[in-house]
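Scroll down for the structure; my scribbles are underneath it.
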Amino acid sequence: MAIVLDINFLSNELMDIDTIESFLKKYNVKIVSINSIDNWMWDNEKEIGSLMQIAKVLNNCQIVIIKLKHPLMKDLGIFIEKVENLYLYTVWMNTEGYPMLDCDAITSENRKYFENIFSIVLKIRENNKNTFEAAAIGLETDIHYSKDVLDMIQKSNNVLVWIFNQDVELNQKMDGYEMKGINGIKIVEKIKD
Numbered sequence: 163m164a165i166v167l168d169i170n171f172l173s174n175e176l177m178d179i180d181t182i183e184s185f186l187k188k189y190n191v192k193i194v195s196i197n198s199i200d201n202w203m204w205d206n207e208k209e210i211g212s213l214m215q216i217a218k219v220l221n222n223c224q225i226v227i228i229k230l231k232h233p234l235m236k237d238l239g240i241f242i243e244k245v246e247n248l249y250l251y252t253v254w255m256n257t258e259g260y261p262m263l264d265c266d267a268i269t270s271e272n273r274k275y276f277e278n279i280f281s282i283v284l285k286i287r288e289n290n291k292n293t294f295e296a297a298a299i300g301l302e303t304d305i306h307y308s309k310d311v312l313d314m315i316q317k318s319n320n321v322l323v324w325i326f327n328q329d330v331e332l333n334q335k336m337d338g339y340e341m342k343g344i345n346g347i348k349i350v351e352k353i354k355d
């Protein structure tokens, strides 16, 4: 059974609706439905009329669930929630049909997919340079936000790659990770065992 690849973005502002719509259109992704839930137990699920209502839903401490459709993917979507004063976007996709992604490491077989994901993250960061805080990519991730970046890395689970702005302090060597800088960002990649 396939699992889910997550691409998480932390932003200090809500992304512009036009940016989200143009991004989805560029990658031939269609919105199937938009719902809200009160918590991760999926209590009080309700349909939302449009993307324009997302801010109101998030300010009511609810979670936004956007179901998406793409011709090459079995299932995918976006979860948006407010974490402290930040917005956490989780773009998820079922890895069925892509067995090379159903792996807890970046390998020679899946590296081109991750490089495409890095490219997309860079484009999103470029469009949201002043609001982008971090990105985390992995399988079935569990992100535990902390203002202390090292604490966030250590407490989060199943993250293969972290992406930060170049100015983020990461002076301490992190066991099991390799760090590299490109195009104004730091990529912290889990080393294959």
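For the sequence shown, the numbering used here gives the first residue as 163, with consecutive numbering after it. Yeah, the Cβ is synthetic: ideal placement off N, Cα and C, and Gly gets one too.
- Put simply, the segment 311-323 does not touch the segment 252-264. Fewer than three CB pairs are less than 8 Å apart.
- Taking the C-beta atoms as reference points, valine 283 is found no nearer than 7 Å to alanine 298.
- Straight-line spacing of the CA atoms in lysine 285 and valine 323 works out to 17 Å.
- DSSP places tyrosine 339 outside any alpha helix (DSSP H); the residue lies instead in the beta strand (DSSP E), whose first and last residues are 339-344.
- Membership of isoleucine 240 in the beta strand (DSSP E) is indicated by the continuous run 238-245.
- By the criterion of a C-beta distance shorter than 8 Å, leucine 230 is surrounded in its chain by Leu186, Val191, Lys192, Ile193, Val194, Leu238, Gly239, Ile240, once the five residues flanking it on both sides are discounted.
- In this structure, asparagine 272 keeps its C-beta atom at 7 Å or more from the C-beta atom of leucine 301.
- Taking a contact as a CB-CB distance under 8 Å, the pair tyrosine 339 and valine 350 counts as one, their CB atoms being some 5 Å apart.
- If you draw a straight line from the Cα of isoleucine 179 to the Cα of isoleucine 344, it is about 28 Å long.
- In the DSSP assignment, tyrosine 275 falls within the unbroken alpha helix (DSSP H) covering 273-289.
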